[in-house]
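Peer 1: I'd like to ask you about the structure that follows.
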Amino acid sequence: MYSRIIAGVNQAYKNSLVPIDNYCLDGLVGFVENSRLLGGTGISAKFDLSLWMNDFLIKHLDKISYVTKTPSFSIQSLDDGRLTERVVEVKSITFNSDLELDEFFENQIGKKLVVYTIGKFIDLRYMKISYELRYADITLKEEEREIKLNKILQ
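Residue 335, in this note's numbering, is where the sequence shown stops; the numbers in between run on with no holes.
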């Protein structure tokens, strides 16, 4: 049952997902580094992380489960005694205000969110601020059902 793990198959994905927790800062450091490398597009300018990332992390770090070091990653699990694998790609979403970003994260409570990058930009033509988040939701269907039941019971 564990022969693929023992044989070292899929080592290319080793450490591509790093948990966010208080005992190991590798995930947090990876998220900040990925975000630092994110570039702007078109006529937008990127805000330096030192101006806004601390406030973002204080508000939302507890809603993030993992950081991925790559824009696609593999999840392996045991299903009926068999090792299964699925490849997940992050998707990009844009928020046009702090409020939209906050609402998004408030709706993710209890889910398993994997983040790759986040950037804060200003459109120099219209002087409008936006955020771009690249993430994946890896919450299992059973976990989503439990989250919905908990919301109903509250």
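C-beta: ideal position from N, C-alpha, C; glycine also. Remember, it's a predicted structure, so these values are computed and weren't measured experimentally.
1) Which term fits N277, buried or exposed, when burial requires 16 or more other beta carbons within 10 angstroms of its beta carbon?
2) Does DSSP put V268 in a helix, a strand or coil?
3) Beta carbon of Y297, beta carbon of Y316: below 8 angstroms?
4) Measure from the alpha carbon of T251 to the alpha carbon of each residue in S225, E214, K322, then state which is nearest.
5) Looking at the secondary structure, which residues open and close the alpha helix (DSSP H) in which L238 lies?
6) Which ranges would you report for the beta strand (DSSP E) in the segment 269 to 307 if only whole runs of at least 3 residues count?
7) Can you tell me whether DSSP reads I333 as helix, strand or coil?
8) From the DSSP output, in three-state form, read off S142 for me.
9) Just checking my contact of I299 with S216 at CB under 8 angstroms: how many whole Å lie between their CB atoms?
10) Could you please give the first and the last residue of the uninterrupted beta strand (DSSP E) stretch that includes S216?
11) Once DSSP output is grouped into helix, strand and coil, what is the label at K309?
12) Shortest alpha-carbon distance to K244 belongs to which of G291, I303, I319, N331?
13) Between the segment 280 to 294 and the segment 229 to 249, do three or more beta carbon pairs fall short of 8 angstroms?
14) So, helix, strand or coil for L230, using DSSP?
Peer 2: If we stick to the structure as given:
1) Numbered from 1 along the sequence shown, position 96 holds the residue referred to as residue 277. If you draw a 10 Å sphere on the C-beta of N277, you find fewer than 16 other C-beta atoms in it, and that means exposed.
2) Start at 1 with the first residue of the sequence shown, and residue 268 comes out as number 87. Three-state result, V268: strand.
3) Reading the sequence shown from its first residue, position 116 is the one you call residue 297. Reading the sequence shown from its first residue, position 135 is the one you call residue 316. Cβ atoms of Y297 and Y316: closer than 8 angstroms.
4) The residue given as residue 251 occupies position 70 in the sequence shown. With distances taken between Cα atoms, T251 lies closest to E214.
5) The residue you call residue 238 lines up with position 57 of the sequence shown. Element bounds for L238: 234 to 241.
6) Whole beta strand (DSSP E) segments, 3+ residues: 272 to 276, 294 to 304.
7) Here residue 333 corresponds to residue number 152 of the sequence shown, with the count starting at 1. In the structure shown, I333 sits in a helix (DSSP, three-state: H, G or I).
8) No answer is possible for residue 142: the residues shown for the chain start at 182 and end at 335.
9) For the purposes of this step, residue 299 is identified with residue 118 of the sequence shown, where counting begins at 1. For the purposes of this step, residue 216 is identified with residue 35 of the sequence shown, where counting begins at 1. Contact holds; Cβ gap of about 5 angstroms.
10) Locating residue 216 in the sequence shown gives position 35, where the first residue counts as 1. Segment 207 to 218 is the alpha helix (DSSP H) holding S216; no beta strand (DSSP E) there.
11) On the sequence shown, position 128 is the one that residue 309 refers to. Note: K309 maps to strand in three-state DSSP.
12) The residue you call residue 244 lines up with position 63 of the sequence shown. Here the closest residue by C-alpha is G291.
13) yes
14) Residue mapping note: residue 230 aligns to position 49 of the sequence shown, counting from 1. The answer is helix: DSSP assigns L230 an H, G or I state.
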